[in-house]
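First residue of the sequence shown? That's 54 in our numbering, and the numbers climb one at a time after it.
Just so you know, even glycine gets a beta-carbon here, dropped at the ideal spot from N, CA and C.
All figures in this text were calculated on a predicted structure; none of them were measured in a lab.
Taking it in order: structure first as C-alpha cells, then the write-up.
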Amino acid sequence: MVMVNDKSRITTWGEAPAFTSTPAPPTPEPASGLVQIRVLAAGVHQLVRSRAAGKHYTSGPLPHMVGVDGVGTTVPDGKRVYFITLRSGGGSFAEVVNVPKDYVFELPEEVSPEEAAAMVNPAMSGWMAMKARVDMEKLPKDGWTVLIMGATSASGAIAATLARELGATRVIGVARNASKLAAVPGLDATVVLSSPDVSATDFSKLGEIDVILDYLYGPPTAHLLGNLPRQRRPLQYVQVGTVAGPDIALPGAVLRSKDVTIRGAGPGAWGFDELQAALPGMLALLGKVPPPRVRVEKMSEIAKVWGKEKDDDGERLVFTL
Numbered sequence: 054m055v056m057v058n059d060k061s062r063i064t065t066w067g068e069a070p071a072f073t074s075t076p077a078p079p080t081p082e083p084a085s086g087l088v089q090i091r092v093l094a095a096g097v098h099q100l101v102r103s104r105a106a107g108k109h110y111t112s113g114p115l116p117h118m119v120g121v122d123g124v125g126t127t128v129p130d131g132k133r134v135y136f137i138t139l140r141s142g143g144g145s146f147a148e149v150v151n152v153p154k155d156y157v158f159e160l161p162e163e164v165s166p167e168e169a170a171a172m173v174n175p176a177m178s179g180w181m182a183m184k185a186r187v188d189m190e191k192l193p194k195d196g197w198t199v200l201i202m203g204a205t206s207a208s209g210a211i212a213a214t215l216a217r218e219l220g221a222t223r224v225i226g227v228a229r230n231a232s233k234l235a236a237v238p239g240l241d242a243t244v245v246l247s248s249p250d251v252s253a254t255d256f257s258k259l260g261e262i263d264v265i266l267d268y269l270y271g272p273p274t275a276h277l278l279g280n281l282p283r284q285r286r287p288l289q290y291v292q293v294g295t296v297a298g299p300d301i302a303l304p305g306a307v308l309r310s311k312d313v314t315i316r317g318a319g320p321g322a323w324g325f326d327e328l329q330a331a332l333p334g335m336l337a338l339l340g341k342v343p344p345p346r347v348r349v350e351k352m353s354e355i356a357k358v359w360g361k362e363k364d365d366d367g368e369r370l371v372f373t374l
C-alpha cells in the first residue's frame with residue numbers, strides 16, 4: 054500500500070509546478086469502478102501547458118493538478134496501461150493515481166512507456182478528428198486526400214501516418230520550415246508557407262482535397278480557405294489547434310463557392326464515449342508510427358525543467374518517476 058503520493062501541482066497561474074508529497078489515494082473498492090495505477094511516465098503536451106497556465110477551458114480552479122494522461126502499471130497486477138485523467142480532473146503527474154476503468158487502456162508491448170507518454174496525446178488529436186469529426190461515408194471509396202496544416206508538429210506528423218491507416222491515398226503537408234517538412238514521413242506533397250507574409254503562399258495547384266486537418270489556424274488558414282481552387286468533391290475542414298492564431302476573418306464567399314463543412318475537434322466537439330470507443334484502435338497502431346525524439350526528465354526536477362521545452366525542434370518532454 055502506498056502511503057505517500059509525490060505529485061506536481063500549480064498553486065499560482067503562470068508559475069512552474071511544485072513537486073510535493075501528499076497522502077496517497079485510497080485503494081479502490083472492487084465496486085468503485087476505479088483502477089489504481091502506479092505512474093511510469095507522463096508527457097508535457099500543449100494541452101498540459103495551456104491547462105497549467107490557466108488558459109484552457111478545462112483548467113479548472115486552483116490548486117491545479119498537472120497532467121491529463123500517462124503510462125503506468127495497474128496495482129496490484131502490474132499490467133502496463135495508458136490512462137486519461139482529463140475528465141476526472143486529478144492530474145497525471147503523480148506517483149499513484151486512481152482512474153475510472155473506462156479511461157484505462159492496454160498498451161502494445163513494442164512501444165516504450167516514454168514513447169507512449171509522448172505520442173498518445175498528439176496522436177489522439179488527429180485520430181479523433183478523423184474518427185469522430187470527419188464523415189467517412191462521404192469520402193471517395195477508392196482513396197482520399199488529406200491536407201495537414203502544421204505537418205511538422207508532433208500531432209501533424211503523426212496524423213500523416215494515421216490518415217494513411219484510415220484510407221488516405223494522398224497526404225499533403227503544410228508548414229513554414231522547409232527542411233523539417235521534408236523530413237516528415239509519408240507526405241506525397243508539401244507546401245511551404247511564405248514568411249513573413251503567408252498571403253504569398255500558392256495553394257492553387259493542390260488539386261482536389263477531401264479533408265483538411267488544421268493545427269495552425271490564424272492567417273495561414275484564412276489564406277488557405279480563401280485561395281483553394283473550386284473543386285467537385287465535398288471538402289471537410291476540421292479545426293484542431295491554434296498555433297498560428299486564435300481566430301480568422303473568413304469571407305462569406307468562401308462558404309458559398311465550395312461544398313465545405315467546417316467542424317472542430319477536441320473534448321466537447323467529440324464525447325468521451327466516442328474517445329473510449331476509438332482509442333483502442335489507435336493504440337494498436339502506435340507501433341507503426343515513427344516515434345518523436347523524447348527528452349526524459351525526473352518528475353522531482355519539474356520546477357527546474359518546466360518552461361524549457363524544445364518542441365520547436367521536434368522534441369517531446371516526458372517526466373518519469
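Boundaries cannot be given for S248, as no alpha helix (DSSP H) includes it and DSSP labels it neither H nor E. Separation of L259 and D300 (C-alpha to C-alpha, rounded to the nearest whole angstrom) is 24 Å. Comparing C-alpha distances from G131 to each of P76, S145, A71, I90 shows the shortest one belongs to I90. Here the alpha carbon of K233 sits roughly 12 Å from the alpha carbon of L240. Per DSSP, G96 lies in no alpha helix (DSSP H) segment; the continuous beta strand (DSSP E) that holds it begins and ends at 87-96. Taking a contact to require three or more Cβ pairs closer than 8 Å, the stretch 113-125 and the stretch 62-75 qualify as touching. Bounds of the beta strand (DSSP E) holding E350 are 346-351. For N151, the enclosing beta strand (DSSP E) starts and ends at 149-153. Following the DSSP letters along the chain, one finds M189 in no beta strand (DSSP E), marked with neither H nor E.
Where G317 is concerned, the enclosing beta strand (DSSP E) starts and stops at 313-317.
For P193, the closest C-alpha among the options V296, G203, Q289 is that of Q289. With a cut-off of 8 Å on Cβ pairs, the stretch 207-215 is not in contact with the stretch 133-145, counting fewer than three such pairs. In this structure, P161 lies away from G334, with their beta-carbon atoms at least 8 Å apart. The alpha carbon of S141 has as its nearest neighbour, out of D155, P129, E148, the alpha carbon of D155. Of the other Cβ atoms in all chains shown, 16 or more fall within 10 Å of the Cβ of L332; this residue is therefore buried. When rounded, the separation of the alpha-carbon atoms in A176 and E148 is 24 Å. If you draw a straight line from the Cα of T198 to the Cα of A171, it comes to about 27 Å. Comparing C-alpha distances from A221 to each of A318, V264, P129 shows the shortest one belongs to V264. In the DSSP assignment, L200 falls within the unbroken beta strand (DSSP E) covering 197-202. Cβ-Cβ separation between Y270 and G298: approximately 6 Å, consistent with a contact (criterion under 8 Å). Here N151 has P78, P81, L87, Q89 as same chain residues with Cβ atoms under 6 Å from its own Cβ, once five neighbours each way along the sequence are excluded.
Close CB contacts of A236 within its chain, under the 7 Å cut and outside five residues either way in sequence, are absent.
Taking the Cα of E261 as reference, the smallest distance to any Cα among E350, G196, Q284 is reached at Q284. Under DSSP, the beta-bridge partners assigned to T75 are N58. Look at E163 here: in three-state DSSP terms it is coil, with no helix or strand label.
In summary, Y268 is buried, with 16 or more beta-carbon neighbours lying within 10 Å of its beta-carbon over all protein chains present.
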